[in-house]
Amino acid sequence: MNTDRRQTASFLFEQEREKVQRNFSVMVKCVGPVCNLDCDYCYYLDKNALYPDKKFSLQGFRMNEQVLEKLIRDVITSQPQKRIEFIWHGGEPTLLGIDYFQKIVDLQQKYADGKEIANSFQTNGTLINDKWAEFLASHHFLCGLSLDGPQKFHDNHRRFINGQGSWEKVMKCIELFHEYEVEFNTMSVVNASNSKQPALIYEFLKSTGSRFMQFSPIAERIALDEHEPLSVVSNTYKKETAVMQENVSAIDWGNFLCRIFDLWVKKDVGEFFINYFDNTLAAYIGQAPSLCSMAPFCGCSPAIEHNGDVYCCDHFVFPENHIGNTTNLSLAEMVKSDKQLFFEQRKQDTLSAQCRACEFLPMC
């Protein structure tokens, strides 16, 4: 990397760091990895291994009210902007029940001090009933709903612990979302099977009334040592690994997006919104992408576990990326820590020479 490019990268990093200092959202793992599904491609299900003293149960991984209240107060008071974002995640957050989330809303109102509070909520949809739909609509939660396509593709991976598929309950959830006018988008995990049918997946999602679609490729490394506590491992893991069987290949992922783009651009622009396309087009005209994977640096959305542990990113919840705990450090301190900033910059620093030289890097 020549001196000019290095200086440019350093300048961009300083800009990003200042942005992180002023503004961040949090992904709250309020129930840790506990879930009522047993999806075979899940990157988070085995995170209970980080807490070997905890029983893998709802009670064992439920964020208690003391941690919850301090977290909500800290997120709101540590940021100067008028709009504060919370992302509620898991595991499956609906396992905690409506009363728990009513408490969340009450605490947010208690500490809002005139600020606008925005809540997002990622769910598998299987526990959504009329009461849940009414609650989510009345409190303006934006819901991300996991749906991998038609039943044969969805149930191939997204099953209950007893092996039963979850597709029918997800479709019932969509009916309730429409009935109660819950704002939602679909999150589809692109894997080795559904990646072969992009047109079918896209047309199906449109038929459900999903106007906002997120596609997330499976690209995970797993440890071959069966005694490793974490089966999905980080890029710093030194022992022998393999790719997850469900991983989508690079060529299939590319073909999947290209085929859907060809369909979308002909008749659906402005009617249906797809995260990768919106962000690629934004980057093409010089706007900053909202999708973190397409940003020059990581770091705007730390993950917070049930006990207040804070990690650099939801997809990098590993011991080496632990930056503190909300019970004894403020989030404002943690997002400015050397460890967090080092994590952010690694995305830029570890790019291969091939990537650095690519003319499409600004849109990647």
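The working numbering applies: residue -16 is where the sequence shown begins, and numbers increase by one. No residue lacks a Cβ here, since even glycine has one placed at the ideal position from N, Cα and C. Keep in mind that this is a model prediction, so the values were computed, not measured.
Residue i: CB within 7 Å of a non-hydrogen atom of the ligand HEM
i: residue 224; result: This structure simply doesn't include the ligand HEM, nor any ligand for that matter.
With 16 other Cβ atoms within 10 Å as the buried cut-off, status of residue i
i: residue 262; result: buried
i: residue 232; result: exposed
i: residue 141; result: buried
i: residue 340; result: exposed
i: residue 9; result: buried
i: residue 237; result: exposed
i: residue 5; result: Unreliable positioning characterises residue 5 in this predicted model, as indicated by a pLDDT of 46, which lies under 50. A coordinate reading is not provided.
i: residue 12; result: buried
i: residue 170; result: buried
i: residue 342; result: exposed
i: residue 131; result: buried
i: residue 62; result: buried
i: residue 30; result: buried
i: residue 161; result: exposed
i: residue 268; result: exposed
i: residue 153; result: buried
Alpha-carbon to alpha-carbon, residue j and residue i
i: residue 92; j: residue 59; result: 10 Å
i: residue 75; j: residue 109; result: 10 Å
i: residue 33; j: residue 330; result: 24 Å
i: residue 278; j: residue 298; result: 15 Å
i: residue 335; j: residue 234; result: 19 Å
i: residue 57; j: residue 117; result: 28 Å
i: residue 220; j: residue 78; result: 32 Å
i: residue 40; j: residue 52; result: 22 Å
i: residue 145; j: residue 20; result: 9 Å
i: residue 283; j: residue 314; result: 12 Å
i: residue 247; j: residue 176; result: 21 Å
i: residue 50; j: residue 292; result: 10 Å
i: residue 360; j: residue 310; result: In the structure as shown, the chain starts at -16 and stops at 347, and residue 360 therefore has no counterpart that could be examined.
i: residue 205; j: residue 55; result: 34 Å
i: residue 287; j: residue 302; result: 13 Å
i: residue 344; j: residue 129; result: 29 Å
i: residue 80; j: residue 249; result: 43 Å
i: residue 38; j: residue 172; result: 29 Å
i: residue 346; j: residue 266; result: 5 Å
i: residue 229; j: residue 216; result: 15 Å
i: residue 307; j: residue 294; result: 8 Å
i: residue 386; j: residue 143; result: Because residue 386 is not part of the residues shown, which for the chain are -16 to 347, the question remains open.
i: residue 180; j: residue 280; result: 32 Å
i: residue 316; j: residue 241; result: 42 Å
i: residue 66; j: residue 98; result: 6 Å
Residue i in three-state terms, based on DSSP
i: residue 292; result: strand
i: residue 268; result: coil
i: residue 237; result: helix
i: residue 128; result: strand
i: residue 4; result: With a pLDDT of 48 at residue 4, under the threshold of 50, the modelled position of that residue is not reliable, and the figure given next carries that caveat. Here residue 4 sits in helix by DSSP.
i: residue 306; result: strand
i: residue 99; result: strand
i: residue 340; result: coil
i: residue 276; result: helix
i: residue 216; result: coil
i: residue 9; result: strand
i: residue 228; result: coil
i: residue 139; result: coil
i: residue 284; result: coil
i: residue 105; result: strand
i: residue 263; result: helix
i: residue 170; result: strand
i: residue 43; result: helix
i: residue 160; result: helix
i: residue 252; result: strand
i: residue 324; result: helix
i: residue 111; result: coil
CB contact check: residue i to chain C, cutoff 8 Å
i: residue 253; result: Of the protein chains in this structure there is only one, and it is not chain C.
Segments assigned alpha helix (DSSP H), at least 4 residues, entirely inside the region 174 to 201 | 181 to 190
Counting pairs of Cβ atoms below 8 Å between the region 114 to 130 and the region 157 to 173, do you hit three or more?
-> yes
Does the count of Cβ pairs from the region 89 to 104 and the region 125 to 144 closer than 8 Å reach three?
-> yes
Would you say the region 179 to 192 touches the region 202 to 214, given that touching needs at least three Cβ pairs under 8 Å?
-> no
Quick one: complete beta strand (DSSP E) runs, 3+ long, within the region 49 to 83?
-> 66 to 72
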